Amino acid sequence: MACLLLAFSVGGCTPGTDVVGGRGVEGRYSALVDLRPGTLNQVALDVYEDFTCPACQTFSLEVVPALQRRYGTALVIRTHYVAAPSTDPAAVILHDLAALQGKESDVAAALWASRLEHRTSLQNTERVRDVAIRFGLDEQLDNALADPRSAARVSAEWQGVAYKVSHFPYVQIEGEIVTNGEPQNLQRIIDSLLRTPH
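Take the sequence shown: its position 174, counted from the start at 1, is 174 in full-length UniProt numbering, and no numbers get skipped.
Have a look at this one:
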């Protein structure tokens, strides 16, 4: 699966080089420290995605469920939705509103489905509003979109991660290993880190 550079052009953006055997964790990645293989009972993934990114859509709808089935409680996945500067912030604003009501997972799935259904990059605020209506969040979304602080907050969230997020989906494992969303490579890294590979 190709990941997307921030210019949203498909590119070869797999970080790092192959590391196999020895003291290193297997797989293709860039690492800030040398995590030791076979030392973890649970592995944490932080995933950064943009609702306008087709590769993120595939990752969320196909790769994440497969990883969850394979690893169960041995894997924790935290998804962070951000809007790059060229992206309309409406989808992220709606997702944040949904999170306040515990509906963030359902709304995220609906936003991805809306993209498939309408063949849009979700830069059309009306498509996002259609999702908001389904979840009874349209009035809150309208108010948030009318408030310039909402877009400023989304922009600030992006600025907080822009120094490290170079492509989508951006996957960080245990806060140290950076890789792309290619499923086999992720499994290779996770299996290498776990005390008991799956």
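A virtual CB, placed ideally from N, CA and C, is assigned to each residue, including glycine.
The structure displayed is predicted, hence computed values, not measured ones.
CB of residue i within 9 Å of CB of residue j, strictly
i	j	result
LEU67	PRO183	yes
ASP50	ALA98	no
VAL107	LEU137	yes
ILE173	LEU141	no
Proximity to residue i [Cα-Cα], best of the options
i	options	result
ALA44	TRP112, ASN124, GLU26 and VAL171	VAL171
VAL165	GLY27, HIS80, SER150 and LEU100	HIS80
GLN42	ARG70, LEU94 and TYR48	ARG70
SER105	ASN185, PRO65, ARG129 and THR87	PRO65
ASN143	THR179, LEU186 and LEU94	LEU94
Exposed unless 16 or more other CB atoms sit within 10 angstroms - verdict on residue i
i	result
ALA109	exposed
TYR29	buried
TYR163	exposed
PRO37	buried
VAL154	buried
SER150	buried
ILE190	buried
CB-CB length for residue i against residue j, believed under 8 Å
i	j	result
ALA55	PHE168	6 Å
VAL161	VAL82	6 Å
VAL131	LEU145	Contact flag wrong, Cβ pair sits at about 13 Å.
GLU26	ARG127	GLU26 to ARG127, Cβ: 41 Å. No contact.
ILE177	LEU35	7 Å
Distance, residue j Cα to residue i Cα
i	j	result
GLY24	ALA74	20 Å
ARG195	GLY181	22 Å
PRO89	GLU157	11 Å
PRO124	PRO148	One detail in the question is off: residue 124 reads as Asn in this sequence, not Pro. So the alpha carbons of these two residues sit roughly 18 Å apart.
THR58	LEU100	26 Å
LEU61	CYS53	12 Å
GLY21	ALA152	Unreliable positioning characterises GLY21 in this predicted model, as indicated by a pLDDT of 37, which lies under 50. The coordinate reading is nonetheless provided below. So the alpha carbons of these two residues sit roughly 46 Å apart.
Residue i Cβ short of 8 Å to the ligand HEM heavy atom set
i	result
VAL131	The ligand HEM is not part of this structure, which contains no ligands at all.
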